[in-house]
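**Q** Provided herewith is a single structure, encoded as structure tokens, for subsequent inquiry.
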Amino acid sequence: MRILIGEVKNHIDTEVEISGWTQNIRIMSTVLFIELRDVSGTVQGVLLKKGNEELFETLKALPRESVLSMTGQAVKSQAKIGYEVQIKHLDILNRAETPLPLGVVDKIESDIETRLENRFLDLRRPEKLSIFKIQSTISNSIRNFFVNSGFIEIHSPKIVAAATEGGTELFPVKYFEKNAYLSQSPQLYKEMMMSAGFDKVFEVAPAFRAEEHNTPRHINEFTSIDMEMSFVSDEGVMDVLENVVKTAYKAVADRNERELEILGVPRPNLDYKFKRITYSEYVRMANQKGIAMNDGEDLSTQVLKTVGGGIKEFYFITRWPRELKPFYVQPYDEKYSRGFDLQFGELEITSGAQRVHSPEVLINNLRSKGLNPDSFSFYVNTFKYGMPPHAGWAIGLERLTMVLLDIVNIRETTLFPRDRTRVTP
RNA sequence: GCCCCGAUAGUGUAGUGGCCUAUCAUCCGAGUCUGUCGAGCUCGGGACACGGGUUCAAAUCCCGUUCGGGGCGCCA
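For the first sequence, the residue numbers in our numbering are 2 to 426.
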């Protein structure tokens with residue numbers, strides 16, 4: 002029975018069967034070593050030429066990254082990891098073509114373009130695999146957090162009829178005789194679930210944005226972790242968000258020791274309270290740093306880098322001007338709203354808000370943003386027959402992974418990124 | 001959408017008008033080597049993105065195209 006390579010150390014002095022990719026073959030005159038890799042690690046197999054001449058010659062000509070299965074005695078040895086497998090039997094399951102479009106264990110790091118074109122090979126590198134093992138821990142721990150806190154997991158439609166928030170560009174889809182779009186966010190649907198009485202919901206799903214951005218922190222399809230709660234304020238969901246992020250960090254610290262080590266990332270630790278900085282304070286901080294801007298203007302990349310770049314931790318920016326936030330954000334007063342962002346340094350991780358629950362305010366807001374309430378009737382109607390006060394947020398899974406692992410390009414934390422020019426692979 | 005930059009073997013690079021029949025590493029192939037672990041050593045293989053132009057001479061300069069990278073904007 003096949004065991005994982007990472008388990009071999011627990012089977013010393015017994016016969017084991019392992020399978021994987023031949024990452025390197027070292028040939029001596031009388032002995033050769035095969036470095037075999039699977040999802041759990043690598044180990045070397047040893048084969049003496051004497052008595053195995055035919056297999057020895059076959060393996061000498063075996064290309065790197067071929068797939069094979071071997072059985073043999075696991076023994077302690079002078080190998081660097083302290084043990085190895087003495088090959089008794091070996092099956093070549095699939096030969097790799099040569100040359101490889103991308104060397105998996107080459108010392109040189111290829112361009113990101115080459116890597117993404119050959120992503121399956123790129124992902125064979127333990128450090129790339131580690132990113133996604135950690136991302137799995139993040140999304141699983143967040144999902145568990147929600148389930149354990151009484152949230153209902155929902156699956157809202159990704160083909161929608163109208164722009165959900167206005168503003169952003171959407172990808173059009175032909176929907177038989179109608180025009181439809183790929184969903185930019187489950188925003189309207191998760192709010193509707195509040196009117197439906199679900200009380201607390203969450204969703205982990207893709208979001209699509211047709212913006213032609215060329216930056217290392219935007220892609221056109223990303224994974225949005227959304228939540229919405231009833232009878233709660235903006236402050237209340239900020240508390241939940243802080244808990245969620247801390248839960249995810251702790252889960253990674255507990256479960257991904259090996260992956261963190263492979264990536265050279267210190268054990269994540271968030272033993273501080275996330276600061277809550279109002280938008281207006283943020284503007285004053287920018288002014289103090291010599292950036293001329295007025296209260297009411299959006300925070301530019303320059304401002305976020307200058308002010309936020311020095312804050313290497315999570316913090317909230319709260320009370321955004323109503324002008325800068327979508328129609329569904331609850332006003333705080335005449336000028337400001339109950340909308341907030343969670344930032345890490347200069348990078349926005351989350352945006353959230355207490356939402357409008359009064360139908361009158363909602364309709365006014367829609368009009369003042371130049372949107373026609375009639376085209377949102379499916380949504381506006383849910384406010385007319387008993388919409389509770391509610392609040393929620395959405396966190397970008399890829400961005401959270403970037404921050405946790407100190408990675409600067411979102412393409413690195415996306416399996417197959419959809420960016421301005423890439424639709425394949 | 002705007003601005004800047006780039007494209008040389010499978011991969012990553014050197015190259016600044018003639019010394020380029022193009023460097024180095026890796027890779028691939030052949031050989032050698034008594035256990036390696038970035039194995040070592042010897043020999044061999046493989047490239048100037050595409051189209052035009054300038055020049056006696058272009059990888060090198062100019063124009064265009066395509067593709068890519070970075071910054072900004074928009075957005076999250």
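Note that beta-carbon positions come from the ideal geometry of N, C-alpha and C, so glycine has one too.
If you count every other CB in all the chains shown that lies within 10 Å of the CB of F377, and 16 or more means buried, which is it?
**A** Under this definition F377 is a buried residue.
**Q** For T31, count neighbouring Cβ atoms within 10 angstroms of its own Cβ and tell me buried if that reaches 16, exposed if not.
**A** T31 comes out exposed.
**Q** Opposite D342 in the DSSP bridges: which residues?
**A** Looking at the DSSP assignment, D342 forms a beta bridge with I318 and S352.
**Q** Terminal residues of the continuous alpha helix (DSSP H) containing R144?
**A** Element bounds for R144: P127 to N149.
**Q** What do you reckon, are the CB atoms on R368 and P360 nearer than 8 Å?
**A** No. Outside cutoff.
**Q** May I ask whether a heavy atom of the ligand MN can be found less than 7 Å away from the beta carbon of V238?
**A** Only the bare structure without any ligand can be found here, which leaves the ligand MN out of the picture.
**Q** Can you give me the C-alpha to C-alpha distance between M195 and K134, rounded to a whole angstrom?
**A** Computed Cα separation, rounded: 33 Å.
**Q** With G42 and I6 assumed to form a contact (beta carbons below 8 Å), what rounded beta-carbon distance in angstroms separates them?
**A** So it is a contact: roughly 5 Å between Cβ atoms.
**Q** Determine the closest residue to Q185 out of D407, P418, A395 and E413, with distance taken between C-alpha atoms.
**A** The residue with the shortest Cα to Cα distance from Q185 is A395.
**Q** Quick test of your reading: T307 and I318, contact by CB under 8 Å. State the CB separation rounded to the nearest angstrom.
**A** At roughly 14 Å, the Cβ-Cβ gap does not stay under 8 Å, so T307 and I318 are not in contact.
**Q** I'd like the list of long-range same chain contacts for V76, defined as Cβ closer than 8 Å, with 5 residues on each side in sequence excluded.
**A** Excluding residues within five positions, the ones whose Cβ falls inside 8 Å are I13, D14, Y84, E85, V86 and Q87.
**Q** Would R400 pass as a contact of E213 if the rule is Cβ separation under 8 Å?
**A** Contact flag unset, no.
**Q** Select from D112, E128 and V202 the residue whose C-alpha is nearest the C-alpha of I155.
**A** The candidate whose alpha carbon is nearest that of I155 is V202.
**Q** So is D123 buried or exposed if we call it buried at 16+ other beta carbons inside 10 Å?
**A** Answer is buried; the Cβ neighbour count reaches 16.
**Q** Excluding the five sequence neighbours on either side, which residues of its own chain have a C-beta within less than 6 Å of the C-beta of S231, listed in chain order?
**A** Cβ neighbours of S231 beyond the five flanking positions: M195, D200, P389 and H391.
**Q** Select from I28, E58 and N53 the residue whose C-alpha is nearest the C-alpha of Q45.
**A** Of the candidates I28, E58 and N53, the one whose C-alpha sits nearest the C-alpha of Q45 is I28.
**Q** Please confirm whether F152 and V245 have their CB atoms less than 8 Å apart.
**A** Not in contact: F152 and V245 (Cβ atoms no closer than 8 Å).
**Q** Do the CB positions of I350 and R218 come within less than 8 Å of each other?
**A** No, they are not a contact pair.
**Q** Can you tell me which of the three DSSP states I278 falls into?
**A** It is a strand residue.
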